[in-house]
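Here the structure comes first, spelled out in structure tokens, and everything after it is commentary.
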Amino acid sequence: MDIKQKLLGNVAALLLLALVISPASALDRKIYSPTGICAPYTPTTSMAELIIRPGGITNGGTTAEAVLCSIPVDSETNWTATDGKTATIEVTFDGGTLGGSFVCQAQVGSGYDGTPAVFTQTKTFTPNLVDNVTLSPVHGDGVVRGWMAYDPVNVYCRIPAKSTMLRIRVSENGAQETDDPAL
Amino acid sequence: MKSSFVRLAAIAFVVFTLAGFWLMRADPHTDPSIAGSNAPRPGLQAHAPEPAFNTVLQPSALPDAGNKRREGEPLSERDRESILLDKLRRMDDALAMEVVSPGWAAVANKQIDLALQAHNLKTLGAGPPDAYEAECRSSSCKLSLMFVDGSNAEDTILALTTEIGSMFPEAVIVPVRSNDGTAQYFVYASTMKSSKLLGR
């Protein structure tokens, strides 16, 4: 082995080490049942207008109803779109026999923070379609303090008649999150 | 030969481990003690130097008042007002830098007018504002909404931002409440995701 080969070998080893050691982005994903974290959006929607079962929250009525869900957040870093450390919130619905227009809005921040930031997504479902309304990227840049790690996150969704809110999936994206490769 | 390679690899491992720790410590987004440093952040507008993370905000610190505070830190109404005014100033400055596209602005204004019509809001359990105006440029709008009775204003703002959400996926809400019960809300809405307009 000549000196050139030795050098190449050493450089390759160094590059490999650098790759192993450098902090990589990871996704911490969690799945929630809406039955545990959502409440009727009062006063326009009451508990009596929703059917709450292990499979999800169904609107059994003839007009759209709304729920407000408090999203547990345990981010290990501060969420900012500037460097791509954000979150994705997917709300899965069963469009039911009618389908319709589904809308969800994530609100980062509260009255304490003064200036909540909102992220909205609208999607039309055909009947009997199971699909996601995806809010992404969700971050705290607009909030006065701008640190999602400190800010509460709520998701407001309108559930059209005869449709069901099935689950909520939250993916936190940051270098220090614990990756969930199985999801 | 083999032993020298192992030695080199061991040295490289130590060096990169130390470098990795140093880089993680230097990340202002992961270390609160560094987050309030005066180091400029890429992609953000240059403003006056930010206060230290643990500085208790006073009105005298108004130019920097919109920045980070310690979790649970007391916040007087006066401090809060300063923070909101600072936030408004920053977003107004960013909006003013956008060129005006008359055609786009007209479409955006129409969308906002539709969303704020009383019959549309009623189905969402909200009432219209007592007065509003919208300033739209080429990808963003600033809405100013006045409520004589501010008690249900939050419902109207939620209804409005969800209705215009297909056009404006991101928005920041700045509420300014008065002691007499009136409330003024400013909504900065952007057609772009991760818009710099809405940044810190």
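Going down the list, the protein sequences come from chains P and W. The numbers in this note's numbering rise by one with no breaks, and the one at position 69 of the first sequence is 69. The numbers in this note's numbering rise by one with no breaks, and the one at position 180 of the second sequence is 180. Ideal Cβ placement from N, Cα and C applies to all residues, glycine included. As the structure is a computational prediction, the values presented were derived from the model and not from experiment.
Taking a contact to require three or more Cβ pairs closer than 8 Å, the segment 155 to 172 of chain P and the segment 124 to 137 of chain P qualify as touching.
With a threshold of 16 other beta carbon atoms within 10 Å, E133 of chain W falls short and is exposed. Three or more beta-carbon pairs separated by less than 8 Å are not found between the segment 72 to 80 of chain P and the segment 48 to 62 of chain P, which leaves the two stretches without contact.
Within 10 angstroms of the beta-carbon of L114 of chain W lie fewer than 16 other beta-carbons, which makes it exposed. Closer than 7 Å at the C-beta level to chain W, one finds these residues of the segment 54 to 84 of chain P: T77, N78, T80, A81, T82, D83.
Restricting attention to beta strand (DSSP E) runs no shorter than 3 residues, the segment 38 to 113 of chain P encloses them at 38 to 40, 50 to 53, 56 to 59, 65 to 71, 87 to 94, 100 to 108, ordered along the chain. At a cut-off of 9 Å between beta carbons, T162 of chain W contacts chain P.
Taking 9 Å as the cut-off, the beta carbon of G127 of chain W is found closer than this to the beta carbon of D155 of chain W. By the C-beta density criterion, H119 of chain W is exposed, having fewer than 16 other C-beta atoms within 10 angstroms.
Using a Cβ-Cβ distance cut-off of 8 Å, the segment 148 to 162 of chain W and the segment 175 to 185 of chain W are in contact, since at least three pairs of beta carbons, one from each stretch, lie closer than that value. At a cut-off of 9 Å, the C-beta of G114 of chain P has a neighbouring C-beta in chain W. Taking one beta carbon from each stretch, the segment 27 to 43 of chain P and the segment 98 to 117 of chain W have fewer than 3 pairs nearer than 8 Å; the two do not touch. For M91 of chain W, the uninterrupted alpha helix (DSSP H) segment begins and ends at 77 to 96.
Within the segment 127 to 189 of chain W, the runs of beta strand (DSSP E) that reach at least 3 residues and sit entirely inside it are, in chain order, 131 to 136, 140 to 147, 170 to 177. A direct Cα-Cα distance of roughly 4 Å separates S190 of chain W from S140 of chain W. Distance between S46 of chain P and P40 of chain P, taken at the CA atoms: about 6 Å. The beta carbon of T122 of chain P lies closer than 6 Å to those of V103 in the same chain, with the five residues before and after it left out. In terms of beta-carbon proximity, D131 of chain P stays away from the interface with chain W, with every pair separated by 9 Å or more. Listed in chain order, the positions of the segment 143 to 177 of chain W with a beta carbon within less than 7 Å of a beta carbon of chain P are L158, T161, T162, G165, S166, P169, E170, A171, V172, I173, V174. Put simply, the backbone Cα of E172 of chain P is about 20 Å away from that of G36 of chain P. Bounds of any alpha helix (DSSP H) do not take in G174 of chain P; it lies within the beta strand (DSSP E) bounded by 164 to 174. Annotation: T161 of chain W to T120 of chain P spans about 8 Å, alpha carbon to alpha carbon. Identification of chain W residues near F93 of chain P by a Cβ-Cβ cut-off of 8 Å yields none; the smallest Cβ-Cβ distance measures about 15 Å.
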